[in-house]
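In my numbering, the protein residues as written are 6 to 457. Ideal Cβ positions, reconstructed from N, Cα and C, are used throughout, including at glycine. In this text, all values refer to a predicted model and were calculated from it rather than measured experimentally. Have a look at the structure below, then the notes.
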């Protein structure tokens with residue numbers, strides 16, 4: 006018996022495509038997969054697999070036994086412009102046909118895909134697995150994937166609710182792993198959580214749009230990334246607290262903080278840096294990045310963060326959002342990222358059929374205080390916000406919408422201000438690189454927006 010794995014970079018010949026479809030159909034019948042409970046037919050599967058080769062963020066792998074394809078998997082990486090999850094990859098569509106299991110094909114396929122992830126610079130690989138797929142869970146755990154979360158309503162199969170497990174594996178070298186893991190702190194569980202949440206920091210009266218200067222944290226420092234690569238970061242300050250003070254002294258009245266390490270680790274990592282920002286000023290701080298359960302939400306709100314941003318978890322675990330919004334009214338914000346109107350998750354690599362406006366309405370119903378909307382095709386491009394989509398969302402909601410992604414000049418902020426005069430639901434804008442690079446002077450930005 007000969008087992009081989011390969012990355013597919015060109016259309017498969019007919020005999021290989023037929024074998025792949027046969028294996029996929031058997032896998033779906035054995036327990037579901039790719040979103041299907043029943044095989045959709047040869048043509049639909051052929052179109053699906055052929056379409057994978059047209060998506061640059063996806064790497065498609067197959068495993069063969071004696072030359073015949075018996076399984077496959079996909080490695081999905083975010084676009085390079087998405088800084089927060091730039092070093093992550095999501096492993097999805099992983100399966101071995103039931104008639105070929107127990108012979109080492111799954112192990113060989115996973116080894117090849119992890120090697121491929123390292124080759125393209127990934128530091129963390131994430132995946133989610135239905136709880137009933139016991140053998141697959143055992144395989145991933147044997148490769149030291151860590152279980153960090155459980156979705157209680159992951160799937161509905163045969164009238165039964167099935168839970169899903171979220172797993173992650175750190176691919177960083179020993180020195181990097183030691184550095185990152187040493188900075189991870191779990192919430193203090195020595196006593197029960199306070200039944201009364203601390204009051205948010207006082208806000209000044211609103212009289213315009215709010216400027217949210219972004220403080221992105223990597224390894225304890227304030228950074229901006231080039232091409233979304235964690236290894237290619239421009240350091241602007243080794244003192245996040247001092248950076249927060251500079252923004253406060255310049256007249257900013259809010260701060261937007263992102264834990265970049267935490268975003269791909271799945272848990273907060275830049276804890277001392279975040280705490281220094283909170284302590285440095287009296288400004289309200291909204292925090293995102295790696296906050297994926299109630300314990301983490303409570304930990305940061307109790308530490309003085311004003312609002313917590315929930316991103317991909319808003320899609321994967323909407324009940325968590327609802328529970329958090331109920332427990333901490335006015336302090337939970339939904340981050341909605343979309344590609345041409347459709348919601349993207351998992352570091353923007355997975356684009357769902359869910360419309361951004363539909364998710365925004367669900368988040369409003371869940372009780373969030375605001376929505377941060379980002380059109381990901383513009384993020385990091387400094388080419389301007391997607392004003393049309395932002396305005397359309399704001400018209401549909403009764404809660405504020407914060408614009409994000411693409412601000413590169415003062416003219417972009419003026420354009421947002423002009424739109425907001427007709428669409429009062431737009432409440433502010435997040436600006437990052439343009440401030441640090443000097444493309445926009447902070448005073449000018451505050452003057453244009455009429456900061457509140």
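For residue 71 and residue 16, what's the separation of their Cα atoms in angstroms?
20 Å
Using 8 Å as the Cβ pair cut-off and three pairs as the minimum, do the region 298–306 and the region 252–261 touch?
no
Compare the beta carbon distance of residue 341 and residue 329 with 8 Å and say whether it is the shorter of the two.
no
On the criterion of 16 or more Cβ atoms from any shown chain inside 10 Å, does residue 62 qualify as buried, or is it exposed?
buried
How about the region 405–416 and the region 262–278: do they share at least three Cβ pairs that are nearer than 8 Å?
no
Other residues of its chain near residue 138: CB distance less than 7 Å, five sequence neighbours each side excluded:
36
Spatially closest choice to residue 101 from 66, 424, 305 and 82, by CA coordinates
66
Own chain partners of residue 153 with C-beta closer than 8 Å, once the 5 adjacent residues on each side are dropped
171, 172, 173, 271, 272 and 297
Quick one: Cα of residue 116 to Cα of residue 149, how far?
12 Å
Identify the continuous beta strand (DSSP E) that holds residue 11 and give its terminal residues.
8–13
Can you tell which of 390, 399, 219 and 166 has its C-alpha closest to the C-alpha of residue 253?
219
What separation, rounded to the nearest whole angstrom, lies between the Cα atoms of residue 13 and residue 64?
8 Å
Could you pull out every residue in the same chain whose Cβ sits closer than 6 Å to the Cβ of residue 7, ignoring the five residues on either side in sequence?
71
Is residue 29 helix, strand or coil when you go by DSSP?
helix
Classify residue 42 as helix, strand or coil using the three-state DSSP reduction.
coil
Using the DSSP secondary-structure output, state which residues sit across from residue 93 in a beta bridge.
129
Report all residues from its chain with a CB closer than 7 Å to the CB of residue 189; omit the five preceding and five following residues, and keep chain order.
Its pLDDT being 48, under 50, residue 189 is placed unreliably by the model, and the measurement read from it follows with that caveat. Excluding sequence neighbours, residue 189 sits near 272 and 274.
Can you tell me which residues form a DSSP beta bridge with residue 102?
Answer by DSSP bridge pairing: none, since residue 102 is not bridged.
Please list the segments of the alpha helix (DSSP H) lying wholly inside the region 274–324, counting only runs of 4 or more residues, in order along the chain.
276–285, 299–307 and 318–321
Once DSSP output is grouped into helix, strand and coil, what is the label at residue 156?
strand
Neighbourhood of residue 151 by C-beta, 6 Å cutoff - its chain only, sequence neighbours within 5 removed
173
Give a yes or no on whether the C-beta atoms belonging to residue 159 and residue 143 are separated by under 8 Å.
no
Alpha carbon to alpha carbon, what distance is there between residue 405 and residue 315?
15 Å
May I ask which residues mark the beginning and end of the beta strand (DSSP E) holding residue 437?
Taken as a continuous stretch (DSSP letters only), residue 437 belongs to no beta strand (DSSP E), as it is neither H nor E.
Measure how close the beta-carbons of residue 319 and residue 326 come, nearest whole angstrom, since I'm counting them as under 8 Å.
5 Å
Which residues does DSSP pair with residue 137 in a beta bridge?
BP columns for residue 137 are empty, so no partner.
Express the C-alpha separation of residue 402 and residue 74 in angstroms, rounding to a whole number.
49 Å
Going by the DSSP bridge assignment, what does residue 79 pair with across the sheet?
65 and 97
Which whole-angstrom value is the C-beta distance of residue 127 and residue 176, which I expect to be below 8 Å?
6 Å
Residue burial classification, residue 437 (beta-carbon count within 10 angstroms, cutoff 16)
buried
CB contact flag (residue 59, residue 80, <8 Å)
no
In three-state terms, what does DSSP make of residue 226?
strand
Identity of the residue in 398, 365 and 162 nearest residue 323 by Cα:
365
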